[in-house]
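Student: In my numbering, the protein residues as written are 1 to 388.
(1) What did DSSP end up calling residue 236 once you bin it into helix, strand or coil?
(2) If you follow the beta strand (DSSP E) that residue 46 is part of, which residue opens it and which one closes it?
(3) According to the Cβ coordinates, are residue 274 and residue 265 closer than 8 angstroms?
(4) Determine the contact status of residue 141 and residue 104, defining contact as a CB-CB distance below 8 angstroms.
(5) Determine, using beta carbons only, whether residue 149 and residue 240 come nearer to each other than 8 angstroms.
(6) Whole angstroms is fine: what's the gap from residue 181's alpha carbon to residue 157's?
(7) Using CA coordinates, which residue listed in 75, 160 and 38 is at the minimum distance from residue 232?
(8) Would you report the Cα separation of residue 286 and residue 248, rounded to the nearest angstrom?
(9) To the nearest whole angstrom, what separates the beta carbons of residue 65 and residue 194, a pair I think is in contact under 8 angstroms?
(10) Roughly how many angstroms lie between the CA atoms of residue 271 and residue 261, to the nearest whole one?
(11) Determine, using beta-carbon pairs with one atom in the stretch 116-124 and one in the stretch 66-75, whether at least three such pairs fall under 8 angstroms.
(12) Kindly identify the DSSP beta-bridge partner or partners of residue 66.
(13) Just the C-alpha distance for residue 131 and residue 28, rounded to the nearest angstrom, thanks.
(14) My output table needs one value for residue 210: the three-state DSSP class, helix, strand or coil.
(15) For residue 172, tell me which candidate among 224, 26, 47 and 155 has the shortest Cα-Cα distance.
(16) Once DSSP output is grouped into helix, strand and coil, what is the label at residue 61?
(17) Classify residue 35: buried if its beta carbon has 16 or more other beta carbons within 10 angstroms, exposed otherwise.
(18) Which term fits residue 123, buried or exposed, when burial requires 16 or more other beta carbons within 10 angstroms of its beta carbon?
(19) Between residue 42 and residue 290, what straight-line distance do the alpha-carbon atoms span, to the nearest angstrom?
(20) From the DSSP output, in three-state form, read off residue 241 for me.
(21) Please tell me whether residue 308 and residue 50 are closer than 8 angstroms, where the distance is taken between their beta carbons.
(22) Determine the closest residue to residue 37 out of 305, 299 and 306, with distance taken between C-alpha atoms.
(23) Apart from the five residues on each side of it in sequence, which residues of its chain come closer than 7 angstroms, Cβ to Cβ, to residue 174?
(24) Distance, Cα to Cα, residue 23 vs residue 310?
(25) With DSSP run on the structure shown, which of helix, strand or coil describes residue 346?
(26) Which same chain residues, not among the five before or five after residue 170, have their C-beta less than 8 angstroms away from its C-beta?
(27) Identify, in the order they occur along the chain, each residue of the same chain with its Cβ nearer than 7 angstroms to the Cβ of residue 234, setting aside the five sequence neighbours on each side.
(28) Looking at the secondary structure, which residues open and close the alpha helix (DSSP H) in which residue 161 lies?
Okay, structure coming up:
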């Protein structure tokens, strides 16, 4: 099935006067991982909201990567709540950085109340880009990542990481964990990345492979925190794309190579066809890398969200055609493509997410949050593309 999508077009023909967003087409594709038992539960979730905070030139783009026994439930809940809490924050317009930090923490506190058992030993990463006119605010907790891609004057590609992976052995993260009595294992070929443990000598494997997350409250006592790092980027004319993704992409495809592939697939203005092609190409590349390293026996969940950056375009004189959804099969998976005529329209709201049906339906998850549901309970590969 295609991911659940909600697109609201305004009844009025009155248009914004703020010049429209400085982003164009955007596309998100998510693919579940593999384990020895076959296709596993996809614990990633994503959401896209535009306009945002009552501003037609703002857009919110979020990718979350759940982990643990109930990670898919927690990521689905958080991806539905974060936009709501952030949009209601009194400082969202005047001080977006503070609003983002406090909203992450507020969502984490809701997990304590709504999912006390699940969030004790499970959680989710969150990387969030708030495109506010010509300024991009990126908040990150965990090891998902956001990168801006630029095309320089000599036709070379530059990749600027707007977030820092919060690995436990990062010096700053390690110092906080040690100060609070936690223990961090070293990277090893057998057990993989460094991991956080409560205290003492850990078992052979296990632990948490990140130093920040929403949830994982058992490890909160030893320095694993939800508070994100926030970075601010002023868009320049050379900036062409924004890529947010879970670590299923970044583990084996470097940021520079990701941006090079996106720019190669988007040689013109980054229209919907080009952005879609870039997302599919990156998904194929990352899947191939996992297959080569694990001989097709294991693959992490992979979610890739690409946003084409561009100067504000002139607004149309009339409403665009109604959105249309096209479903096609692609290597056994369903894809959904939604096209609208413009994003700079009052009331155009795209809220998209995906999470596994784990005994609590998507609608019941949404009802607990009192917001639109984060998506389809069917966790096959999914793709959303919005074109301007």
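Ideal Cβ positions, reconstructed from N, Cα and C, are used throughout, including at glycine.
Tutor: Reading off the structure:
(1) It is coil, neither helix nor strand.
(2) Counting along the chain, the beta strand (DSSP E) containing residue 46 begins and ends at 44-49.
(3) The Cβ-Cβ distance between residue 274 and residue 265 falls below 8 angstroms.
(4) Going by C-beta atoms, residue 141 is nearer than 8 angstroms to residue 104.
(5) By the CB criterion at 8 angstroms, residue 149 and residue 240 fall inside the cutoff.
(6) In this structure, the CA atom of residue 181 is about 43 angstroms from the CA atom of residue 157.
(7) Measuring from the Cα of residue 232, the nearest candidate turns out to be 160.
(8) One Cα belongs to residue 286, the other to residue 248, and the distance between them is close to 7 angstroms.
(9) Incorrect: roughly 17 angstroms between the Cβ atoms, too far for contact.
(10) Rounded to whole angstroms, residue 271 and residue 261 show a C-alpha spacing of 15 angstroms.
(11) Touching, yes, given that three or more Cβ pairs across the two stretches are closer than 8 angstroms.
(12) Checking the DSSP bridge columns, you'll see residue 66 partnered with 124.
(13) Here the alpha carbons of residue 28 and residue 131 stand approximately 16 angstroms from one another.
(14) Residue 210 carries a coil assignment under DSSP once its states are collapsed to helix, strand and coil.
(15) The residue with the shortest Cα to Cα distance from residue 172 is 224.
(16) In the structure shown, residue 61 adopts extended strand secondary structure according to DSSP, grouped into three states.
(17) By the neighbour-count rule (16 or more Cβ atoms within 10 Å), residue 35 is not buried but exposed.
(18) With 16 or more Cβ atoms within 10 Å of its Cβ, residue 123 is classed as buried.
(19) C-alpha separation (whole angstroms): 16 angstroms.
(20) In this structure, residue 241 counts as strand in the three-state DSSP scheme.
(21) The Cβ-Cβ distance between residue 308 and residue 50 does not fall below 8 angstroms.
(22) Nearest C-alpha to residue 37: 299.
(23) If we look at residue 174 and ignore the five residues flanking it on each side, its Cβ neighbours are 168 and 184.
(24) Distance between the alpha carbons of residue 23 and residue 310 is about 5 angstroms.
(25) Because the pLDDT at residue 346 is just 30, under 50, the model does not fix this residue reliably, and the value given afterwards should be weighed accordingly. Residue state, collapsed to three classes: coil.
(26) Hits under 8 angstroms: 164 and 211.
(27) So the list reads 134 and 135, once near-sequence residues are dropped.
(28) Not the alpha helix (DSSP H): residue 161 falls in the beta strand (DSSP E), residues 157-161.
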